[in-house]
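What follows is a set of notes on a single structure, which appears directly below.
2 protein chains.
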Amino acid sequence: MATIKDVSQLAQVSQATVSRVLNGGVPVSPEKQAAVLAAIERLGYRPNAFARSLATNRSGAIGALVSELSSAVYGDIIRGIESVAEEHGMHLVVSSGHASAETERRSYDFLEQRRTDALILQVDASTDEDLSRWVASSDLPIVVVGRYIEAIAERCVYLDNGAGGELATRHLLDRGHRRIAHISGLMRIPDARDRLEGYRRALASHGIPFDESLVANGAFVEDGGERAMRSLLARGTDFSAVFVANDQSAAGALKALRDAGKRVPEDVSLVGFDDTIVAHYLYPSLTTVRQPFDEMGQAAAWLALAAIGVAERREVTRRFEPVLIERDSVATH
Amino acid sequence: MATIKDVSQLAQVSQATVSRVLNGGVPVSPEKQAAVLAAIERLGYRPNAFARSLATNRSGAIGALVSELSSAVYGDIIRGIESVAEEHGMHLVVSSGHASAETERRSYDFLEQRRTDALILQVDASTDEDLSRWVASSDLPIVVVGRYIEAIAERCVYLDNGAGGELATRHLLDRGHRRIAHISGLMRIPDARDRLEGYRRALASHGIPFDESLVANGAFVEDGGERAMRSLLARGTDFSAVFVANDQSAAGALKALRDAGKRVPEDVSLVGFDDTIVAHYLYPSLTTVRQPFDEMGQAAAWLALAAIGVAERREVTRRFEPVLIERDSVATH
DNA sequence: ACTCTCTATGAAATCGCTTTCAGGCATTGT
DNA sequence: ACAATGCCTGAAAGCGATTTCATAGAGAGT
Numbered sequence: 133m134a135t136i137k138d139v140s141q142l143a144q145v146s147q148a149t150v151s152r153v154l155n156g157g158v159p160v161s162p163e164k165q166a167a168v169l170a171a172i173e174r175l176g177y178r179p180n181a182f183a184r185s186l187a188t189n190r191s192g193a194i195g196a197l198v199s200e201l202s203s204a205v206y207g208d209i210i211r212g213i214e215s216v217a218e219e220h221g222m223h224l225v226v227s228s229g230h231a232s233a234e235t236e237r238r239s240y241d242f243l244e245q246r247r248t249d250a251l252i253l254q255v256d257a258s259t260d261e262d263l264s265r266w267v268a269s270s271d272l273p274i275v276v277v278g279r280y281i282e283a284i285a286e287r288c289v290y291l292d293n294g295a296g297g298e299l300a301t302r303h304l305l306d307r308g309h310r311r312i313a314h315i316s317g318l319m320r321i322p323d324a325r326d327r328l329e330g331y332r333r334a335l336a337s338h339g340i341p342f343d344e345s346l347v348a349n350g351a352f353v354e355d356g357g358e359r360a361m362r363s364l365l366a367r368g369t370d371f372s373a374v375f376v377a378n379d380q381s382a383a384g385a386l387k388a389l390r391d392a393g394k395r396v397p398e399d400v401s402l403v404g405f406d407d408t409i410v411a412h413y414l415y416p417s418l419t420t421v422r423q424p425f426d427e428m429g430q431a432a433a434w435l436a437l438a439a440i441g442v443a444e445r446r447e448v449t450r451r452f453e454p455v456l457i458e459r460d461s462v463a464t465h
Numbered sequence: 133m134a135t136i137k138d139v140s141q142l143a144q145v146s147q148a149t150v151s152r153v154l155n156g157g158v159p160v161s162p163e164k165q166a167a168v169l170a171a172i173e174r175l176g177y178r179p180n181a182f183a184r185s186l187a188t189n190r191s192g193a194i195g196a197l198v199s200e201l202s203s204a205v206y207g208d209i210i211r212g213i214e215s216v217a218e219e220h221g222m223h224l225v226v227s228s229g230h231a232s233a234e235t236e237r238r239s240y241d242f243l244e245q246r247r248t249d250a251l252i253l254q255v256d257a258s259t260d261e262d263l264s265r266w267v268a269s270s271d272l273p274i275v276v277v278g279r280y281i282e283a284i285a286e287r288c289v290y291l292d293n294g295a296g297g298e299l300a301t302r303h304l305l306d307r308g309h310r311r312i313a314h315i316s317g318l319m320r321i322p323d324a325r326d327r328l329e330g331y332r333r334a335l336a337s338h339g340i341p342f343d344e345s346l347v348a349n350g351a352f353v354e355d356g357g358e359r360a361m362r363s364l365l366a367r368g369t370d371f372s373a374v375f376v377a378n379d380q381s382a383a384g385a386l387k388a389l390r391d392a393g394k395r396v397p398e399d400v401s402l403v404g405f406d407d408t409i410v411a412h413y414l415y416p417s418l419t420t421v422r423q424p425f426d427e428m429g430q431a432a433a434w435l436a437l438a439a440i441g442v443a444e445r446r447e448v449t450r451r452f453e454p455v456l457i458e459r460d461s462v463a464t465h
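If you read the sequences in order, they're chains A and B. By the numbering used here, the letter at position 72 of the first sequence is numbered 204, and the numbering carries on one by one without gaps. By the numbering used here, the letter at position 1 of the second sequence is numbered 133, and the numbering carries on one by one without gaps.
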């Protein structure tokens with residue numbers, strides 16, 4: 133591998149000059165410039181990124197830590213981050229936390245260890261306190277996406293989950309449903325609690341009392357949704373619609389309904405949450421509350437890049453509003 | 133940020149000693165060891181990864197370039213790579229090619245630029261020649277996954293797509309189908325051609341002549357599958373089953389069938405390819421040919437790690453066999 | 001008791017780049 | 001024609017680790 137020294141010798145200039153033509157900004161005479169470029173070409177020279185980073189203390193990359201790499205949910209967040217990063221000539225290093233606090237911590241350490249210039253975190257397993265501590269103790273800018281943490285609110289990009297729960301429930305109310313059940317998410321995750329809260333608010337606004345027996349926990353996973361729906365059906369409490377806390381558990385709920393001989397949406401209407409690819413593939417396709425993952429990723433990237441002075445500081449939306457996507461799983465009651 | 137020098141001063145030892153306790157291998161007296169560890173703890177010292185990499189010329193990470201980060205298909209490959217990498221204390225840097233040859237090239241350049249110790253490529257847009265050239269001209273080990281390229285065969289981890297096409301088609305033949313259509317994939321991708329070839333072989337083995345009018349192109353995407361199925365139906369040629377080149381286009385095909393009032397599997401049976409999450413969510417759930425993405429990722433990682441001497445050299449499967457996953461989209465004819 | 005290993009340690013070179021600093025040379029102004 | 005100004009350029013000092021090499025001291029062998 134050729135080094136800058138080889139280039140400088142071949143081009144008969146100093147290493148400083150080579151560095152200057154490489155990085156621009158400083159004027160270099162056209163002749164030397166040409167000589168250097170020729171030498172670079174001739175030697176197939178590529179600057180050593182480690183040396184450069186060591187000297188500049190910048191890596192040219194931002195890191196993203198996501199809870200699950202292969203999830204349909206978070207792919208769009210990454211895509212959003214990447215598009216903005218690329219726009220600014222920065223690269224993206226992605227690492228996965230495997231939905232385990234331990235692995236999240238390890239991956240965080242890796243990224244934080246001065247390998248990237250900024251960090252974007254989308255994690256589930258670590259607690260609010262963990263994250264706040266990380267933000268406080270790290271000297272690189274950290275942005276948290278998909279989660280609102282009061283202590284570091286200005287570094288959070290998140291959805292208004294309460295409004296989302298309300299939106300979903302209101303939609304069912306508007307369609308004439310009155311007995312509306314809820315399959316909730318993993319309650320240790322704030323999103324789940326907020327969505328439930330939104331559901332309660334919507335009911336309240338229509339003067340409908342909250343009924344404990346219409347709520348079952350789906351834990352955000354397909355299996356959980358299936359079990360929750362079975363439990364709901366077994367209770368014998370009557371309902372004509374269900375707001376499910378995410379698309380994945382809605383898939384499970386749909387299966388349980390089908391197994392029980394209930395038709396969707398004729399017998400039971402279903403609203404999901406997230407608008408992941410799952411909602412599109414289900415049959416009937418799922419009416420759901422969309423999270424603008426792509427835009428949220430972009431916002432997070434803007435925040436991060438602005439913090440390190442790569443992107444201009446500009447107004448960035450941090451709290452996103454949910455949007456209802458109507459498909460075929462809701463009928464008028 | 134504390135440096136090794138700070139630590140060495142606080143611990144009253146040389147930098148070399150600090151480095152030794154950090155990296156192990158070389159004996160250090162227990163007292164100094166303790167002093168160093170205490171100093172590290174006290175200062176919150178973390179070695180600078182750039183400096184270390186510059187000195188050792190190793191990054192401790194392997195790079196993966198995938199065509200699409202957020203695809204359901206490739207998530208499992210990454211997961212497989214990551215699990216093996218982690219097992220060996222290596223980290224993973226992922227970059228995306230966005231299914232464009234230009235971006236693939238750029239991402240490749242980034243990763244190749246001495247940032248990672250080995251490279252695993254899963255790319256669609258770049259040609260066999262591009263890849264062969266990269267492998268030839270790079271001084272880091274490169275493994276290609278999901279693709280067979282003759283010139284660099286020993287660095288490829290791939291599925292026997294021909295066998296897959298045969299498997300799918302044979303399954304339909306075994307179930308009594310004789311008029312079997314095929315919705316093919318993007319023909320510039322070898323996988324698509326091989327699957328078609330397998331389809332032809334299976335037909336031939338049953339003495340059924342290949343019928344051009346039973347083949348339509350679905351280009352591996354949902355839309356394409358839908359259009360292809362419509363085209364097939366419009367031709368008026370009779371068929372009772374279709375082998376679709378991947379799950380995604382099978383989803384489109386299913387939609388077209390449904391729109392045309394055909395029931396699956398009663399009127400038309402369907403077999404997909406890949407066994408992605410899509411196959412699971414479709415209704416009826418899709419019988420499909422499974423690619424062991426996870427294991428393929430693992431194999432690629434083993435190959436890569438062995439090449440840089442991190443993992444022991446052991447026998448690694450490079451050509452994987454497809455497996456038929458039976459679900460609900462095939463009926464006996 | 002004396003030489004001969006060995007073992008643990010530190011000093012210093014090195015990795016490949018950026019950046020400061022000082023100076024040479026050509027302009028410009030008077 | 002001379003001083004002042006600016007523009008380019010090169011030498012050299014980092015950046016923060018690893019690693020080689022030499023050496024001091026401890027232990028072993030006779």
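Every residue, glycine too, gets a C-beta built ideally from N, C-alpha and C. Since this is a predicted model, take the numbers as computed values, not measurements.
Partners in chain A for residue i, counting only beta-carbon separations shorter than 7 Å
| i | result |
| --- | --- |
| A181 (chain B) | Q245, R246, R247 |
| V225 (chain B) | V225 |
Distance, residue j Cα to residue i Cα
| i | j | result |
| --- | --- | --- |
| F182 (chain A) | E344 (chain B) | 56 Å |
| Q245 (chain A) | V276 (chain A) | 18 Å |
| T369 (chain A) | S401 (chain A) | 15 Å |
| G207 (chain B) | F425 (chain A) | 18 Å |
| R265 (chain B) | R211 (chain A) | 28 Å |
| A334 (chain A) | F452 (chain A) | 19 Å |
| A443 (chain B) | L154 (chain B) | 21 Å |
| D306 (chain B) | N293 (chain B) | 20 Å |
| E354 (chain A) | H412 (chain B) | 11 Å |
| L201 (chain B) | I194 (chain A) | 16 Å |
| S232 (chain A) | A170 (chain A) | 51 Å |
| I440 (chain B) | S185 (chain B) | 15 Å |
Residues that DSSP places opposite residue i in a beta bridge
| i | result |
| --- | --- |
| S232 (chain A) | Note: S232 (chain A) sits in no beta bridge, so no partner. |
| F405 (chain A) | A:V421 |
| A373 (chain A) | A:I312, A:S401 |
| Y290 (chain A) | A:R451 |
| A250 (chain A) | A:I194 |
Close-in-space but distant-in-sequence residues of the same chain around residue i (CB under 6 Å, 5 per side omitted)
| i | result |
| --- | --- |
| L253 (chain A) | L197, V276 |
| R445 (chain A) | A438 |
| V150 (chain A) | I136, V139, S140, V168 |
| A283 (chain B) | S264 |
| D407 (chain B) | T420, R422, I457 |
| V289 (chain B) | V277, M428, A431, A432, R450 |
| S258 (chain B) | A233, E236 |
| S461 (chain B) | V396, P397, L402, P416, L418, T419 |
Own chain residues within Cβ distance below 7 Å of residue i, not counting five before or after
| i | result |
| --- | --- |
| G296 (chain A) | R327, G330, F405, V421, P454 |
| T235 (chain B) | G229 |
| R390 (chain B) | none |
| K115 (chain B) | No statement about residue 115 (chain B) is possible, as the shown extent of chain B runs from 133 to 465 and does not include it. |
Residue i: contacting residues in chain B (beta-carbon distance under 9 Å)
| i | result |
| --- | --- |
| A336 (chain A) | Here the premise fails: no neighbours, minimum Cβ distance about 34 Å. |
| R178 (chain A) | D241, E244, Q245, R246 |
| G207 (chain A) | E200, L201, S202, S203, A204, G207 |
Chain-ordered neighbours of residue i on chain B, where CB pairs are closer than 7 Å
| i | result |
| --- | --- |
| I210 (chain A) | L201, S202 |
| V410 (chain A) | Y413 |
| L186 (chain A) | F182, A183, L186 |
Chain-ordered chain A contacts of residue i [CB-CB under 9 Å]
| i | result |
| --- | --- |
| V400 (chain B) | Simply none; closest approach about 16 Å. |
| D271 (chain B) | M133 |
| E173 (chain B) | Those within 9 Å of E173 (chain B) in chain A number zero; the least Cβ separation is about 14 Å. |
Chain A contact residues for residue i, given Cβ-Cβ distances below 8 Å
| i | result |
| --- | --- |
| A392 (chain B) | Residues of chain A passing the Cβ test: none, with the nearest at roughly 15 Å. |
| G229 (chain B) | The contacting residues do not exist; G229 (chain B) stays about 11 Å from chain A at best. |
| A383 (chain B) | Y413 |
Cut-off 8 Å between Cβ atoms - residues of its own chain near residue i, not counting five sequence neighbours on either side
| i | result |
| --- | --- |
| W434 (chain B) | V216, A443, R446, V448 |
Where residue i meets chain B, residues with beta-carbon distance less than 8 Å
| i | result |
| --- | --- |
| E214 (chain A) | L201, S228 |
Length-filtered (3 minimum) beta strand (DSSP E) runs lying within the stretch 307-358 of chain A: For the stretch 307-358 of chain A, whole beta strand (DSSP E) runs of length 3 or above, ordered along the chain, are 312-316, 347-349.
Inside the stretch 168-230 of chain A only - beta strand (DSSP E) runs reaching at least 3 residues: Whole beta strand (DSSP E) segments, 3+ residues: 193-198, 223-228.
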